[in-house]
Amino acid sequence: MSLLGSLFARKESSGGLQAGSLDKVEPRSLFAEPPVGADHTRKGILLYRPYPPPPAGSIWSKIGGLPNLPEDIEWPRGISYERNVPLHFLAQIECADLPRIDNRLPEQGALFFFASQDEEQIWNEGDPQARIRVIYSTNAAQAPLRSAPDDLPPISDHTADKPYGPV
Numbered sequence: 000m001s002l003l004g005s006l007f008a009r010k011e012s013s014g015g016l017q018a019g020s021l022d023k024v025e026p027r028s029l030f031a032e033p034p035v036g037a038d039h040t041r042k043g044i045l046l047y048r049p050y051p052p053p054p055a056g057s058i059w060s061k062i063g064g065l066p067n068l069p070e071d072i073e074w075p076r077g078i079s080y081e082r083n084v085p086l087h088f089l090a091q092i093e094c095a096d097l098p099r100i101d102n103r104l105p106e107q108g109a110l111f112f113f114a115s116q117d118e119e120q121i122w123n124e125g126d127p128q129a130r131i132r133v134i135y136s137t138n139a140a141q142a143p144l145r146s147a148p149d150d151l152p153p154i155s156d157h158t159a160d161k162p163y164g165p166v
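Each residue of the sequence shown is one higher than the last, beginning at 0 in numbering that gives the first Met the number 0.
The structure is reproduced here in structure tokens:
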């Protein structure tokens, strides 16, 4: 049986596996026990970009592209290779579109995610605001697309001058 066949197989009453079509798959765990104990888990929200993209309709939330960042909010800047540069736009999420799995996220407004997209991707050292930024806005729904700043560096605009490890 192929790897995919074993992942999407159904157990027979004899305990063996029988190949099944995806529309007849019975939900089952791929692991005998969770890889992380329940005391170390919490609910989360998964963002994904379907391919091919569905018709856009009136969906405002998105991953990538240009943001609908209101003009009264300054495009966030951060540090990349010791230079103060604009951060790259990652995503915008309409809070009303989010499932209500806990009460720590706002019910209205929008979240904008930005990050330094240089080769190092060191987001957990030093000042957290230097490489990543999440901006909350209550007036973004009607904002037009905003162009990126002229000095936005290309992604991975720096190459290493020596290997990172043994070659």
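Cβ coordinates follow ideal geometry from the N, Cα and C atoms, glycine included.
Environment of residue i [buried if 16+ CB atoms lie within 10 Å]
i, result
"L46", "exposed"
"E25", "Confidence in E25 is poor, its pLDDT being 47 and thus under 50, which makes the residue's placement unreliable; the coordinate value appears in the next sentence. Answer is exposed; the Cβ neighbour count stays below 16."
"N83", "exposed"
"N138", "exposed"
"P148", "exposed"
"P102", "The residue you asked about is not Pro; residue 102 is Asn in the sequence shown. N102 is exposed by the Cβ-count criterion."
"P127", "exposed"
"R99", "exposed"
Residues that residue i bridges to, as DSSP identifies them
i, result
"E93", "A109"
"G77", "V84"
"K61", "Q91"
"A114", "H87 and I131"
For residue i, the first and last residue of its enclosing beta strand (DSSP E)
i, result
"Y135", "I131 to S136"
Proximity of residue i and residue j at Cβ, strictly below 7 Å
i, j, result
"I154", "Q116", "yes"
"R132", "P52", "no"
"C94", "G77", "no"
"A114", "L89", "yes"
"R145", "L97", "no"
"L110", "Y135", "yes"
"R48", "I62", "yes"
"L151", "P66", "no"
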